[in-house]
Ligand SMILES: *Cc1c(COP(=O)(O)O)cnc(C)c1O
């Protein structure tokens, strides 16, 4: 595998606070399977093939970066993808799911009550029984195999750049947990993008146990969700857009944008010592901009939408 690049970002603000800021561009890992989803799926799909499965089954919301990445990766590797999606079948018209269908994924829409059972052992057993040829991958692709993939971010960074703190956005915490496992003395900071994310701390502890990892220098920041998952104000959008203009870094407001807002707030509060070196992990997810534009929540021409894949 080729390393994703590390770039230094420049801003008068960084000079003012005497910090150096870098970004690990995992959004550039692959043109479609971007960022942390590539890292998390790599060993899961290898395992599915090793165990003789014909494909995988997984879960997500209607605009899920995970399902988008999974559908393409399965298409590329000759695996079947069955996607269990929370919500109405009409979501199949959105960009994310049009792509998934274009790559041959099977979409199955379920109501919220059914979706909520996605981690129930009985529900999982029923799925394995109904689809014995498919391996179950949890929502977001987060499991012990995902951690193995994400750890490699830290291994790569050893050869690329020295830093004191690495920051990542956090959804299901698989990425944060993988970074913690791979850390060698650095501080690992996660920015929760959903409300009331304190429950993730237990989740992280049990994920770390699967890797026999007892590293303690990490923190989950739970006050930067901006109102909840995929919520943001016009003020938040402006702040993210100003950062994009200043640094040239492409962002979206659900994950990477929230991390940037948290980072800027911490910086202004003097959270980082003078001389501190900060590595921001760009986890990808730019395809999510299409869903936001389709819902008129952002203006398409103001954001770095990736190249559109299937024709309408
Ligand atoms: C899924 C996702 C995350 C969250 O990763 P977790 O491992 O679920 O915490 C962060 N950024 C982007 C762009 C994502 O798609």
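Residue numbers (full-length UniProt numbering): 1 to 312.
Glycine included, C-beta positions come from ideal geometry on N, C-alpha and C.
None of these values were measured; they are calculated from a predicted model.
Less than 7 Å separates the beta-carbon of residue 99 from that of residue 309. Burial is judged here by how many other beta carbons sit within 10 angstroms of a residue's own beta carbon; residue 172 has at least 16 and is buried.
The Cβ neighbour count for residue 139, taken over all protein chains shown within 10 Å, is at least 16; the residue is labelled buried. The beta strand (DSSP E) runs of length 3 or more contained entirely in the stretch 104-137 are, from start to end of the chain, 106-110 and 134-136. 250 is the residue among 289, 217, 250 and 291 whose C-alpha sits nearest the C-alpha of residue 25.
With respect to the 7 Å criterion, residue 286 and residue 252 are classified as neighbours on the basis of their beta carbons. Spanning the alpha carbons of residue 218 and residue 242 requires a straight line of approximately 29 Å.
Rounded to the nearest whole angstrom, the CA to CA distance from residue 117 to residue 136 is 14 Å. Contact between residue 294 and residue 94 holds, since their C-beta atoms are separated by about 6 Å, short of 8 Å. In this structure, residue 261 sits near residue 239, with a CB-CB distance shorter than 7 Å. In the three-state scheme derived from DSSP, where H, G and I count as helix and E and B as strand, residue 144 is classed as helix. In this structure, the alpha-carbon of residue 193 lies about 21 Å from that of residue 151. By the C-beta criterion, the stretch 76-88 is judged to be in contact with the stretch 53-64, since at least 3 inter-stretch pairs fall below 8 Å. Looking at 266, 248 and 13, the one whose alpha-carbon comes closest to that of residue 304 is 248. Counted as a single uninterrupted DSSP element, the alpha helix (DSSP H) harbouring residue 47 occupies residues 36-50. As DSSP reads the structure, residue 190 sits in a beta bridge with 168 and 220. Counting only the Cα atoms, residue 204 lies some 22 Å from residue 157.
Excluding residues up to 5 positions away in sequence, 267, 272, 274, 275, 276, 277 and 278 lie with their Cβ nearer than 8 Å to the Cβ of residue 19 in the same chain. The closest heavy atom of ligand 1 lies 6 Å or more from the beta carbon of residue 94.
When 115, 198, 206 and 165 are compared, the shortest CA-CA separation from residue 225 is found for 198.
Residues of the same chain with a CB within less than 8 Å of the CB of residue 55, apart from the 5 flanking positions on each side, are 48, 74, 79, 80, 81, 82, 133, 134 and 135 in chain order.
If you check the CB distance, residue 141 and residue 43 do not come in under 7 Å.
Here residue 183 is buried, its C-beta having at least 16 other C-beta atoms within 10 Å. Remark: the C-beta of residue 60 is outside contact range of ligand 1, defined as less than 6 Å to any heavy atom. Listed as beta-bridge partners of residue 279 by DSSP are 22 and 166.
In the three-state reduction of the DSSP assignment, residue 82 falls in the strand class. Residue pairing for residue 8: DSSP places it in a beta bridge opposite 22. Note that the C-beta distance between residue 103 and residue 72 is below 7 Å. The Cβ-Cβ distance between residue 127 and residue 165 does not fall below 7 Å. Taken in chain order, the whole beta strand (DSSP E) runs of length 3 or more contained in the stretch 233-270 number zero. When 112, 97, 233 and 114 are compared, the shortest CA-CA separation from residue 106 is found for 97.
For residue 27, the closest C-alpha among the options 256, 290 and 291 is that of 256.
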